[in-house]
Each structure stands twice: as structure tokens, then as C-alpha cells.
Amino acid sequence: MSVEEPSLPVSAPEAKTILLGFQGKDIPSAAVIQACVHCGLCLPVCPTYLETGRETSSPRGRILLIKAVSEGQIGLDSAVFQREMSLCLDCRACEVVCPNGVHYGRLLEASREQLERFKAQFEPRPWWQKLLRKVVFEGLFAKPLLFQMFSQLLAIYQKSGFQQLARQSGLLQSLKVQEAEALLPNFSEDFMVPKGQIYPAEGKRRFTVALLTGCVMSTAFAQVHKATIRVLQKNGCEVILPPDQTCCGALHFHSGLLEEGRALAKQNIITFTGLGVDAIIVNAAGCGSTLKEYGHLLADDPLWQARAKSFTAKVKDIHEFLGEIDLNRADLGHLPLIVTYQEPCHLAHAQRLTSQPRALLTAIPGLTLREMPESSVCCGSAGVYNLLQPVMAQQLGQRKVRHALATGANVIATANPGCALQLAAELKRQGQTVQIHYIVELLAEAYQSGQKQG
Ligand code: SF4
Ligand code: SF4
């Protein structure tokens, strides 16, 4: 694909619109904008550029748009600026290849925060959108108890047969929620890992760790938490599930709601600080990368900067942690599976963890790892992106599934709830039966198989 020369994508009439620039707190950093030398090395790894071939839908194009707003050449009301801030997946693939270390994600998140404030003032959303956002961001994803109650309602919806009825009757199509509904996780019988528990180490205790339970992970993916706890126990870890922890704030930060995200960050810092643990373990890539950003997100707050920094220093992704300790390989049993690995963006790009997940997969006796092309190109999930940008999300989901199926694997391994749901929905749409598992689930299964064999 040829690389276009960078240019300001501003049409003359648009340039004449009222100029409304960045203001107040969280202004995209001029130093970060200037660090971009427009070399274009980031273009071939950008999913939205790969799909559209449009300069404005590339990292370089978006940085130029952010620069244009910061210099007053276009305003926050620019349609192309608004479109691109929304179309970007915040996957941060561009950051990994950038020779100048441009922190693109920080520019994007600050720009989205600015847009949120601008829209609240000049382009108010309809009442129902405001209400929905309030329910989602200030309710469900800010109050774990509400999220649990909501999960219970969804479990009733799925188990009562109403889901099947709604799908077959055409109700979902007429309400235009068919695509969104297809992304719902399966809420099983025994969902929810109780918080406030302490799980003892198996054998001699080597470490004491705390586990972030999160929101979606603590209900729809409770089996992944159980697998994580089991794997940690098998590796000599005592595992604490602190009761007052809350959502990591990832959805808020990615949606430009930085203050709301910061409030959640502070609650988590209070909860985990003082436990005296060796590490704070996270098994969802998006949550892990957000927790590791708390230091940056609270850097301007004199009361919180030091606490945020020491909290962040303890955060470890589960694959990272297991890669740093002497893994218990002796108890791993045989798993005769062909597995391909779908790299979550927030593991591969935001946390730069690429070898550790693969090393764990290949540590399992009998498991064959087959690499897919473009394993680290975003699958289109990106938090709530697949709800807000369904067309691009579906294109990327199809691209990912095509590559995964080409390997002939019978399992797709991943490490993030959004990726798992996005891939499951696309596989279902295509009538494919390939399974999706977290890496820790495969490890837990291998330990169980080892017990049986022993
Ligand atoms: S690779 Fe970095 S410096 Fe080059 S265009 Fe992309 S963001 Fe700018
Ligand atoms: S974050 Fe991802 S989608 Fe956005 S500009 Fe960078 S590579 Fe492209």
C-alpha cells in the first residue's frame, strides 16, 4: 500500500467554521505532537489505515488533525476531527513501531476528553444518549454491585429462553440491537468469584499476590479468574481478592472521561495499598494496561502522584508474572491441542508483552502453537468500539478470524474479554466451531491433566 504525503485534511468551508480549540485541563501535549516527524512508519500497522487506505485514518493523519486543532486551524467542531477521534481503536500499534516514541494514546485520550467537554457544551446529546451514558459510565462500570445485579438480569434473560425468543422473533432486528446483543458474553450458572477471599498457596508459599477482579471479568469470565487462581496456587502463590476494589476505569479513559476514570483509580489505589503483597495480578490485558497508566494519569495530582506510582510498580500482567518466576512445569500435564494466539492490543502494544504469553503456551506438553499472520492487529473489539463503530469493528473481526482459521488451529488463545467476545461473535456469524480460551485456562487445564496423569 502506498503511503500518502501528510497534509492537513481541512476543506476550505470547514476551515471557516467557528474555531473552538483545546481548553482547560488535559490538553494534548505540544511536546508529544512535535515528537512526530511524519515519517509514516506507523501507517502499515494501523488497522483503520489498513482497512481504509485514508491518510486521515492513520496515526500520522490523526496527529496532524490534533495539531491543527491545537494551532487553531480547525475547531473541535470539525467533522473529520470528530470522525477520526472516534474511528481510532486506541490499539496503540502505532506506538510500538514509532522511532520517536510518540505517546499517541495520550494524545488521543486527551483529545477525546476535550471533545467530551466540547460536546457537553455545544453539541448536547439527545436525552436518551445522556441517560444511557450515565447508566453505563456512572452506574454499571463504576459500581461493582450494580454490575453484578445487571449480570444476574442478563443470566435470567439467557437462561429463561427469552434470549432465544427475542432472537427468533425478529425483536432484536426491529430494535436495531441485533449486532450488539450478539456480543453478549455467556453468563453461566456459577458466575462471580466472591471477593474478600484468600486462596492458599499449594505447597510452600513463595509469594502473596492480590488479584484484580474487575467488572466483566468478575461475572461473565469468572471461570478465567478461577483458572488464574488455580495457576497461581500451583505456583506457590497465596491469592487475595480485596473486597473493596472497583472497575479499572479503562472504558472511562478510552471514552474521554478522564476525571471519572481517575476517581476509580483512586479507589483501587486505596484498596490495594497496604496489603503488603508482592504483586497485583491482572489477567485482562485492557485492565492491566490501565492500571499501569495510573502513575501517568495522576501525575499532576500532588496528593496522589506518589501513591499512584508505587501502586503501578506492583502491577503485573499474569503472563508477565509467570514469566518472571520459576514456572512450575513439573505438574503440567499433556494437552494435545493446536492453538493459535490472538494478541490483545493492550498486552502486545500497551504493555509490550509478546514473548511471555507464547512461552507459557509452548510450556504445555503436547500443545502446538501455530502463528497466525497479523496476530497483533486489533480484532475490532477495543472496549465499546464494536458497539460504537460496528462497521469497522466487523471488518476487523472478519480479517482476524480469516487469519486464525487459516492456521487450522482448533483453539484460539487470547487474554482479554473484549477480544474473546468479538472473536466468538464473528465465529458464530460464520458458523465456525473453533474454541476460544484464555491462556490461563489452558494452563489450568494442563495442571488438571497433570494431576490425573500423576
Ligand atoms: S511513526 Fe511516529 S514519528 Fe513516524 S509518523 Fe508515526 S507517529 Fe509520527
Ligand atoms: S491507536 Fe491503533 S487505530 Fe489508532 S492510530 Fe494508532 S494504530 Fe491506528
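Sequential numbering from 317 applies to the sequence shown in this note's numbering.
Where a beta carbon is used, it is the ideal one built from N, C-alpha and C, also for glycine.
Going by beta carbons, G734 and G602 fall inside the 8 Å limit. Non-local C-beta neighbours of M688 in its own chain, meaning closer than 6 Å and more than five positions away in sequence, comprise T656, H719, A720, T723, ordered along the chain. In this chain, the beta strand (DSSP E) harbouring I752 covers 751-754. For G592, the closest alpha carbon among the candidates G604, S571, E554 is that of E554.
Between ligand 1 and H354, a heavy atom-to-CB distance of less than 7 Å is present.
The C-beta distance from C358 to R376 rounds to 6 Å, short enough to meet the 8 Å contact threshold. By the beta-carbon neighbour count (other beta carbons within 10 angstroms, threshold 16), G611 is buried. For L527, no alpha helix (DSSP H) run applies; the uninterrupted beta strand (DSSP E) run containing it begins and ends at 523-527, by DSSP. One Cα belongs to E429, the other to R378, and the distance between them is close to 15 Å. Under DSSP, no beta-bridge partner is assigned to K716. Note on G766: 16 or more other CB atoms within 10 angstroms of its CB, so buried under the neighbour-count rule. With a threshold of 16 other beta carbon atoms within 10 Å, W443 falls short and is exposed. Placement of the Cβ of R668 at a distance of 7 Å or more from every heavy atom of ligand 1 is found. Taking 8 Å as the cut-off, the beta carbon of Y515 is found no closer than this to the beta carbon of D647. For the pair V452 and Q445, the Cα-to-Cα distance works out to about 10 Å. Ligand 1 never approaches P363 closely enough for any of its heavy atoms to be under 7 Å from the residue's Cβ. Here the alpha carbon of F523 sits roughly 13 Å from the alpha carbon of K630. In this structure, the straight-line span from the alpha carbon of P660 to that of E400 is close to 22 Å. Three or more beta-carbon pairs drawn from the region 540-550 and the region 753-762 are found closer than 8 Å, and the two stretches are therefore classed as touching. Around L574, the same chain offers D342, E429 as residues with beta carbons nearer than 6 Å, after the five sequence neighbours per side are excluded.
Taking the CA atoms as reference points, G421 sits about 21 Å from I390.
A Cβ-Cβ contact shorter than 8 Å links I752 with A736. Taking all protein chains in view, the Cβ of I556 is crowded by 16 or more other Cβ atoms within 10 Å, so the residue is classified as buried. Rounded to the nearest angstrom, the gap between the Cα atoms of Y365 and C694 is 12 Å. The bridge partners DSSP lists for V452 come to none. Residue pairing by DSSP places I654 opposite T684 in a beta bridge. Within a 10 Å sphere around the beta-carbon of I472 sit fewer than 16 other beta-carbons, which makes this residue exposed. If the five residues before and after G639 are omitted, its C-beta is found closer than 7 Å to the C-beta atoms of Q672, A675, all from its own chain and listed in chain order.
In this structure, the C-beta of P344 stays at least 7 Å away from each heavy atom of ligand 2. Annotation for L357 indicates a beta carbon within 7 Å of some heavy atom of ligand 1. C-alpha of H635 to C-alpha of G577: approximately 25 Å in a straight line.
When secondary structure is reduced to three states using DSSP, T562 falls in the coil class, being assigned neither helix nor strand. Remark: the C-beta of R376 is in contact range of ligand 1, defined as less than 7 Å to any heavy atom.
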